[in-house]
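As structure tokens, the structure follows; a few thoughts come after it.
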Amino acid sequence: MSVLIRRRVLWDHLRSALWVMPTLSVVFFLVAGMVLSHVSIGDDSPLRWLVFQGTPEEARQMLIVVSSTMITVTGLVFALTIIALQIASGQYSPRLLRNFMRDRGTQFVLSVFVGAFAYSTAGLHTVGVQNPDEAAFMPRLAVSGSLGLALASLGVLIYFIHHLSSSIQIDTIMNMIVHETLEVIDDLYPDRTGSFESEERCPDPPAWAITMPSDRSGYIQEIAPDALVHVAARKDLVIRFVKSVGHHVVAGTPIAWVWHRSADHLPSELGLKEAIRDSVQVGFERTMLQDVPFGIRRLVDIGNRALSSAINDPYTATQAVHHLSEVLCVLARRRLCDRVYRDEHGSVRVAIPFPDFADYLQLSTGQIRRFGAKEPAVARSLIQLLRNVCSSTASKDRRMAAAKHIRLVLEEAKREITQPADVESLLADADDALGVLEVGRPQTARSSTHDLIL
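With my numbering, the residue at position 406 of the sequence shown is 486, and numbering never jumps.
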């Protein structure tokens with residue numbers, strides 16, 4: 081694995097781990113306690129009235145109380161966090177657990193409580209301990225620090241209750257997904273010029289191309305092509321990946337095609353397998369490192385779960401479509417293309433397929449359209465999404481793709497909706513959306529009582 085991939089994967093893993101910040105917090109507070117224990121507050125110090133004024137035995141009792149309280153509250157925080165994970169997994173989507181694990185607020189709260197427990201418990205090792213010929217050890221500033229941590233933990237607990245109740249709200253969850261997805265879009269598709277004519281695609285492998293098998297099973301999380309470009313240029317090869325980031329591969333199945341420009345030369349596999357293995361990160365789960373469809377998938381999951389018979393919450397599905405509209409309208413204005421990497425002479429060396437706009441449209445609307453066809457509010461929100469897409473792009477191909485999905489929504493709705501008035505309303509909305517295609521510029525949406533209600 082290349083150094084770049086290793087660093088990015090390690091950083092992503094550390095961000096998702098609940099133990100990292102609490103562990104660092106324990107180390108920090110232990111060091112702080114050790115330092116404060118050697119700070120003496122004299123009788124003439126202006127801080128003498130602020131530090132702990134009790135006896136060594138009273139200090140030990142206070143440290144015991146703080147330690148027992150902190151470990152109890154820490155258990156409560158863990159329990160509430162697990163409940164939040166269960167709610168997110170069962171009510172919305174199991175693919176949201178990673179977001180809660182990465183939540184900085186929860187990690188900060190756990191760090192404070194665990195750190196306060198470690199600080200106070202470590203103090204019991206020395207505070208009040210007395211040798212036969214010496215006075216009991218009494219670091220007043222360090223003991224005061226434990227009392228200060230206990231008071232601060234009260235405020236942190238109140239913050240955690242507010243933060244947790246806010247973080248499990250569906251609006252907060254979907255807004256977080258959209259924000260994360262838009263960051264990946266900005267990283268992968270920075271071109272905002274609106275030029276769509278030169279969207280480059282991967283070259284098709286010739287008949288003499290050989291396949292390179294994957295040595296691991298899992299999801300492609302990231303591809304770093306720089307090292308592969310140098311290897312391919314040195315061997316005069318073209319490497320074209322079979323699947324993109326986010327796709328699942330099975331060990332022993334093809335992950336890339338490799339070929340010489342001339343059919344008379346068969347590429348040597350020597351060094352190629354190692355180069356491909358080092359440039360591709362395959363893991364047991366999908367991540368957001370380079371995977372825009374994964375962000376869309378999580379929003380679609382929320383919509384699908386809301387439309388299930390067990391939950392039957394069409395408004396949440398409508399909200400999911402609204403957030404999908406934000407993502408698709410940004411994609412509609414970006415230059416989407418495969419990743420084609422060339423050497424210093426301009427020759428294609430590495431090609432990685434990426435979804436085009438039609439793929440994103442299908443992923444965003446296909447399942448919700450089928451599951452929510454019988455609910456007029458969901459069908460109407462899908463038509464509004466596609467209308468917004470038409471208004472956001474000047475590309476004829478993308479507008480035609482949106483028009484195709486508008487007609488698919490109408491066909492599904494006509495089959496599932498039994499109330500003629502609802503069908504007529506959808507037809508009017510669809511005509512308004514298709515009108516954007518005819519004039520080729522944004523229009524003001526037709527207002528209706530349905531828009532006010534939804």
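Cβ atoms here follow ideal geometry from the backbone N, Cα and C, with glycine treated the same way.
- Counting along the chain, residue 291 sits inside the beta strand (DSSP E) bounded by residues 290-293.
- Residue 387 is positioned such that its CB atom lies closer than 7 Å to that of residue 397.
- The Cβ atoms of residue 489 and residue 460 lie no closer than 7 Å to each other.
- Setting aside the 5 residues that flank it on each side, residue 132 is surrounded in the same chain by 139, 220, 223, 224 and 227, each with a C-beta closer than 7 Å to its C-beta; the list follows chain order.
- For residue 141, there is no enclosing beta strand (DSSP E); the residue is found in the alpha helix (DSSP H) stretching over 136-167.
- Within the same chain, Cβ atoms closer than 7 Å to the Cβ of residue 492 are found at 449, 450 and 453, the five residues on either side in sequence being excluded.
- In the three-state DSSP reduction, residue 300 falls in the strand class (E or B).
- Around the beta carbon of residue 425, fewer than 16 other beta carbons lie within 10 angstroms, which makes this residue exposed.
- Burial of residue 361 is indicated by the presence of at least 16 other C-beta atoms within 10 angstroms of its C-beta.
- Linking residue 517 to residue 509 through their CA atoms gives a straight-line distance of about 13 Å.
- In the three-state DSSP reduction, residue 421 falls in the strand class (E or B).
- For the pair of segments examined, the segment 303-318 was found to touch the segment 353-370: the number of CB pairs separated by less than 8 Å reaches three.
- Residue 351 counts as exposed, since fewer than 16 other beta carbons sit within 10 angstroms of its beta carbon.
- The beta carbon of residue 383 sits closer than 6 Å to those of 397, 400 and 448, all from its chain and outside the five residues before and after it, given in chain order.
- Our two residues, residue 117 and residue 90, have alpha carbons roughly 36 Å apart in a direct line.
- The residue among 99, 318 and 238 with its C-alpha nearest the C-alpha of residue 289 is 318.
- Non-local beta-carbon contacts of residue 331 in its own chain, meaning distances under 7 Å to residues more than five positions away in sequence, involve 294, 295, 296 and 297 in chain order.
- For residue 382, no beta strand (DSSP E) encloses it; the enclosing alpha helix (DSSP H) starts and ends at 372-387.
- For residue 88, the closest alpha carbon among the candidates 369, 506 and 206 is that of 369.
- The Cβ-Cβ distance between residue 164 and residue 238 does not fall below 7 Å.
- Under DSSP, residue 363 takes part in a beta bridge, and its partners are 299.
- Per DSSP, the beta-bridge partners of residue 334 are 293.
- Remark: three or more beta-carbon pairs, one from each stretch, lie closer than 8 Å, so the segment 94-109 and the segment 186-203 are flagged as touching.
- When 442, 408, 365 and 458 are compared, the shortest CA-CA separation from residue 395 is found for 458.
- Only residues of its own chain outside the window of five on either side were considered, and among them 261, 264, 265 and 268 have a CB closer than 7 Å to the CB of residue 372, listed in chain order.
- C-alpha of residue 501 to C-alpha of residue 483: approximately 23 Å in a straight line.
- Annotated three-state conformation of residue 232 is helix, per DSSP.
- Taken through DSSP and simplified to helix, strand or coil, residue 130 comes out as coil.
- Assigned with DSSP and collapsed to three states, residue 431 falls in strand.
- Closest in alpha carbon position to residue 334, among 320, 259, 470 and 189, is 320.
- Each residue's CA atom was taken as its position, placing residue 312 and residue 355 some 10 Å apart.
- In the structure shown, residue 339 falls within a strand segment according to DSSP collapsed to helix, strand and coil.
- For residue 318, the uninterrupted beta strand (DSSP E) run begins and ends at 317-321, by DSSP.
- If you compare the alpha carbons of 389, 349, 444 and 230 with that of residue 148, the shortest gap goes to 230.
- For residue 328, the secondary structure class from DSSP, reduced to helix, strand or coil, is strand.
- By a beta-carbon distance limit of 8 Å, residue 257 does not contact residue 172. Their separation comes to about 10 Å.
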